[in-house]
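Residue numbers (this note's numbering): 477 to 640.
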């Protein structure tokens, strides 16, 4: 009983650093996503290229997310978040190296968008499930609202920052 009370009083100590790190991660992902779309727009001016890139960025996530949610419920969520973020970061780093070497092909960007989409399909349900486990039920509605507001702000802010 005392342990449960203690946990409910100290939940912010572990939740706030987790939440901040997830918001930074989501901001970085949105920033990269918009930057890639912006680059494709500038380089090709092709609606077909943008539509294809959008398919690679969205369809894998849409198809995989129901399965990812079921998998996340059966494994260590912390490791899923770490692995998904690491895979997304490594794919993005690889693309950054290709840009640095001036050796970027459009199909490379499609592959990176596909990898990032698959990583995101696992990251999102793991993050959401972790929040539900970390926050006491009495605060869950408020935290969910703050989470949604923060993600909306990130989506708005990441676009102009990505364009820079």
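For every residue, glycine included, the Cβ atom is placed at its ideal position computed from N, Cα and C. Computed from a predicted model, the values in this text were never measured in an experiment.
If we count Cβ pairs, one from each stretch, closer than 8 Å, do we get three or more for the stretch 525-541 versus the stretch 581-595?
yes
Residue 540 and residue 606: beta carbons closer than 9 Å?
When the beta-carbon positions are compared, residue 540 and residue 606 stay at least 9 Å from each other.
Residue 497: buried (16+ other C-beta within 10 angstroms of its C-beta) or exposed?
exposed
Pull up the CB-CB distance for residue 548 and residue 598, whole angstroms please, since I reckon it's below 8 Å.
7 Å
From the DSSP output, in three-state form, read off residue 581 for me.
coil
Expressed to the nearest angstrom, what Euclidean distance is found between the alpha-carbon atoms of residue 435 and residue 612?
The question about residue 435 has no answer, for the chain in this structure spans 477 to 640.
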